[in-house]
Amino acid sequence: DALINQIAAGEVVERPASLVKELVENALDAGARAVAVTLEQGGVRRVRVQDDGHGIAREELALAVMRHATSKLHTAEDLERIATMGFRGEALAAIASVCRLTITSRAQGSEHAWRFDAVSGELAPAALESGTVIDCADLYYNTPARRKFLKSESTEYAHCEEALRRVALSRPEVAFALSHNARSVLHLKPGTPEERLAALLGETFIERSRAVEAEAGPARLFGRVIEPRHADQSRPPQYWFVNGRFVRDRMLTQALRQAYADVLHGSRQPAFALFLTIDPALVDVNVHPAKIEVRFRDSQAVFRFVLDAVRRALAPSRI
Ligand code: ADP
Ligand code: MG
9 DALINQIAAG EVVERPASLV KELVENALDA GARAVAVTLE QGGVRRVRVQ
59 DDGHGIAREE LALAVMRHAT SKLHTAEDLE RIATMGFRGE ALAAIASVCR
109 LTITSRAQGS EHAWRFDAVS GELAPAALES GTVIDCADLY YNTPARRKFL
159 KSESTEYAHC EEALRRVALS RPEVAFALSH NARSVLHLKP GTPEERLAAL
209 LGETFIERSR AVEAEAGPAR LFGRVIEPRH ADQSRPPQYW FVNGRFVRDR
259 MLTQALRQAY ADVLHGSRQP AFALFLTIDP ALVDVNVHPA KIEVRFRDSQ
309 AVFRFVLDAV RRALAPSRI
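With full-length UniProt numbering as the guide, the letters of the sequence shown map in order to residues 9 to 327.
Here it is, written out as structure tokens:
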């Protein structure tokens, strides 16, 4: 079983940033309003995520790190309308198999917190006001072959920060803090989607970009796109979100390229942050363990919808 978990970890835990993504998503699934991420040495030495969510009950703590233990799916039908970020029950088990994991949590209504050490299996009373702290130390301490694939501290750190930015963009109502090697790097107050975009992509992105806003049947698209001549950063921000998840999707990228080509005849990379919401029954997010890929039931219809919406946003003479 430990081996199976380590194999699964190969898919879920690619690098420290994967821990950030999975743990922050768990915090959000627990209803957190504030999430604090603490990193040491690019996340390799430590990734620690603290939230103020509903917590984990004492008797659930050991279970949380078991493979396919999820509290979020109960029936096959639930899979058709996934409302949480997690649902596979794989992440914590995989993470626990490749680092020294402890969970400290105080479930709502519980008298005090409990701390579970996944290495020793020990469960002990602990002090914590509310919510959950998940601490992952020494990533790949027990799988040295994997450790060799890690890049420099600054590269791993950059991936961690990017993982957090992606989640933070899609959840502007939640406060996020990030620190690295005891230095505070990000401090995001809860706010509107526009405020969060400005905080993370900069005021100039907002000033120079155009708003996208469209609705058709079960689909809604909003966000901002920027003309290529303004996207002067070497790596322009390119963010697609589907139902609150950051995704990479060839069809969505293609629709955007097409719209730029049609309206601006430009060849440079577009910069954008776009949020597509669609009836969960019309999109499959269970394609890949890290859930970065999606499959649309009617991919043609989504393509046309996005193409049309972005074209209208970019058109020079808008009413
Ligand atoms: P999934 O998110 O797919 O359900 P995970 O392996 O990520 O699976 O987490 C396993 C379970 O642990 C979750 O279903 C949830 O019940 C519990 N859990 C994990 N992190 C937290 C947290 N921060 N707060 C409350 N419960 C959590
Ligand atoms: Mg999860």
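The C-beta atom is built at its ideal place from N, Cα and C for all residues, glycine as well.
For residue i, which three-state DSSP category applies?
| i | result |
| --- | --- |
| L136 | coil |
| I15 | helix |
| L284 | strand |
| F311 | helix |
| L158 | coil |
| L196 | strand |
| residue 328 | As shown, the chain starts at 9 and ends at 327. That puts residue 328 outside it, with no answer to give. |
| R174 | helix |
| I214 | helix |
| T188 | The question names Thr, but residue 188 is His in the sequence shown. The answer is strand: DSSP assigns H188 an E or B state. |
When every heavy atom of the ligand ADP is checked, does at least one fall within less than 7 Å of the C-beta of residue i?
| i | result |
| --- | --- |
| D60 | no |
| S118 | no |
| N150 | no |
| S79 | yes |
| G18 | no |
| T110 | no |
| Y316 | Residue 316 is actually Asp in this sequence, not Tyr. For the ligand ADP, not one heavy atom lies less than 7 Å from the Cβ of D316. |
| T140 | yes |
Should residue i be counted as a contact of the ligand MG given a C-beta to heavy atom distance under 7 Å?
| i | result |
| --- | --- |
| E30 | yes |
| A99 | yes |
| N13 | no |
| N251 | no |
| N189 | no |
| E33 | yes |
Less than 8 Å between the beta carbons of residue i and residue j, yes or no?
| i | j | result |
| --- | --- | --- |
| V182 | L36 | yes |
| T140 | S105 | no |
| E164 | R320 | no |
| V32 | V57 | yes |
| A309 | A171 | no |
| L186 | V45 | yes |
| W248 | L282 | yes |
| residue 339 | I12 | Nothing can be reported for residue 339, as the shown portion of the chain is limited to 9 through 327. |
| F184 | V43 | yes |
| V193 | E169 | yes |
Less than 8 Å between C-beta atoms, sequence neighbours within five positions excluded: which residues of the same chain meet that for residue i?
| i | result |
| --- | --- |
| D306 | L290 |
| V302 | V250, R253, V255, D257, V291, D292, V293 and V295 |
| I214 | E202, L205, A206 and R232 |
| A40 | D59, D60, G61, G139 and V182 |
| D9 | R75 |
| E161 | Q49, G50 and V52 |
| P245 | L209, F213, A279, F280 and A281 |
| W122 | R66, L69, T112, S113, R114, L131, A132, P133 and A134 |
Can you give me the Cβ contacts of residue i inside the same chain, cut-off strictly under 6 Å, excluding the 5 residues immediately before and after it?
| i | result |
| --- | --- |
| I327 | Since pLDDT at I327 reaches only 46, below the 50 mark, its modelled position is unreliable, and the value read off the structure follows with that caveat. For I327, where only same-chain residues beyond five positions count, there are no Cβ hits under 6 Å. |
| I234 | R216, S217 and A279 |
| A227 | I286 and F313 |
| E30 | A99 |
| D143 | R56 and T110 |
Starting from the C-beta of residue i, find all residues in its chain whose C-beta is less than 7 Å away, skip the five residues before and the five after it, and write them out in chain order.
| i | result |
| --- | --- |
| R173 | L208 |
| L100 | A72 and V73 |
| Q14 | S105, V106 and T151 |
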